[in-house]
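Read through the structure below, which is laid out as structure tokens, and then see the notes.
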Amino acid sequence: MTPLLGAGELADDVVTAAVRLLGCTLESDTPDGTVAVRLVEVEAYRGADDPASHGFRGRTPRNAVMFGPAGHLYVYFVYGMHFCANVSCLVDGEPGAVLLRGGELVSDPGVARLRRPTARRDVDLARGPARMAALLGLRREHDGLDVTDPTSPVRLRAGSPVDPARVRSGPRVGVVAAHDVPWRFWVDGEPAVSAYRRAGASGRRK
DNA sequence: CTGCTGATCTGCT
DNA sequence: GCAGATCAGCAGA
Numbered sequence: 001m002t003p004l005l006g007a008g009e010l011a012d013d014v015v016t017a018a019v020r021l022l023g024c025t026l027e028s029d030t031p032d033g034t035v036a037v038r039l040v041e042v043e044a045y046r047g048a049d050d051p052a053s054h055g056f057r058g059r060t061p062r063n064a065v066m067f068g069p070a071g072h073l074y075v076y077f078v079y080g081m082h083f084c085a086n087v088s089c090l091v092d093g094e095p096g097a098v099l100l101r102g103g104e105l106v107s108d109p110g111v112a113r114l115r116r117p118t119a120r121r122d123v124d125l126a127r128g129p130a131r132m133a134a135l136l137g138l139r140r141e142h143d144g145l146d147v148t149d150p151t152s153p154v155r156l157r158a159g160s161p162v163d164p165a166r167v168r169s170g171p172r173v174g175v176v177a178a179h180d181v182p183w184r185f186w187v188d189g190e191p192a193v194s195a196y197r198r199a200g201a202s203g204r205r206k
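In full-length UniProt numbering, the protein residues as written are 1 to 206.
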């Protein structure tokens, strides 16, 4: 059991924070039991000068957590149906977050199946941001939770470091604005990395 | 594996 | 009004 990640490791800039999050383990106490996921795909968003970021046009009740201190959950509702979860970064007052896009299950598969009975294969359980949020049971009421607090129902562990040679980057998924900014990061070869293509173009990336 | 469709929340125009 | 940091189910190749 590795120690919790410290908020200071996410405070400097969003890209460093995103890469640091790869390989970390997010564990959540759900009504069905504890579920844990090893992060293999993330995306960085910086509010101040990033048109793709929810924080770009200023603070609203929905994105307020992005403007707070690092290490807190930013959970939002999309497409009238799904939740997506981010971990806030940067110092208090500066908007930044890392979207959790994909992860590998590292806890009891039976508990995970209770949470996502429709998943066809185990690798699909947390493959994609809304799937991960559903698996971990993250909803609006988890918005703002401190994942660096050992007493929190959702915690972020440092995990085993990812070999830097296996980290890949590319354009963010589904983002129209600033699609040339390669702020999606993933661990090469992991099956739980989502297969979606970037907005407005076709073809695979490497 | 690719491409389409429906679900109907949130903040901006 | 409308586009969006989406997914599941189904059809067709």
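Virtual Cβ for every residue (Gly too), placed ideally from N, Cα, C.
Asked: As assigned by DSSP and simplified to three states, the class of residue 189; Found: coil
Asked: Cut-off 7 Å between Cβ atoms - residues of its own chain near residue 32, not counting five sequence neighbours on either side; Found: 111, 114 and 115
Asked: As assigned by DSSP and simplified to three states, the class of residue 5; Found: coil
Asked: Distance, residue 100 Cα to residue 157 Cα; Found: 14 Å
Asked: Proximity winner among 120, 49 and 9, relative to residue 69 (alpha-carbon distances); Found: 9
Asked: Complete beta strand (DSSP E) runs within the stretch 100-175 (minimum length 3 residues, chain order); Found: 154-157 and 167-170
Asked: Exposed unless 16 or more other CB atoms sit within 10 angstroms - verdict on residue 57; Found: exposed
Asked: Residue environment, residue 78, which counts as buried when at least 16 other CB atoms sit within 10 Å; Found: exposed
Asked: Terminal residues of the alpha helix (DSSP H) in which residue 19 lies; Found: 14-21
Asked: Among 182, 125 and 152, the one whose alpha carbon lies nearest that of residue 170; Found: 182
Asked: Residue 154 vs residue 39 beta-carbon contact at 8 Å; Found: no
Asked: Under 8 Å between C-beta atoms of residue 80 and residue 88; Found: no
Asked: Residue 18 burial status per 10 Å Cβ neighbour count (16 or more: buried); Found: buried
Asked: Near the ligand NAD: residue 127 beta-carbon under 7 Å from a heavy atom; Found: The model depicted lacks the ligand NAD and carries no ligand whatsoever.
Asked: Cβ-based burial, residue 43 [other Cβ within 10 Å; buried from 16]; Found: buried
Asked: Opposing strand residues paired with residue 94 [DSSP bridges]; Found: Bridge partners of residue 94: none, in fact.
Asked: C-beta contact flag for residue 65 and residue 136 at 8 Å; Found: no
Asked: Cβ-Cβ separation, residue 125 to residue 105 (assumed contact under 8 Å), whole Å; Found: 5 Å
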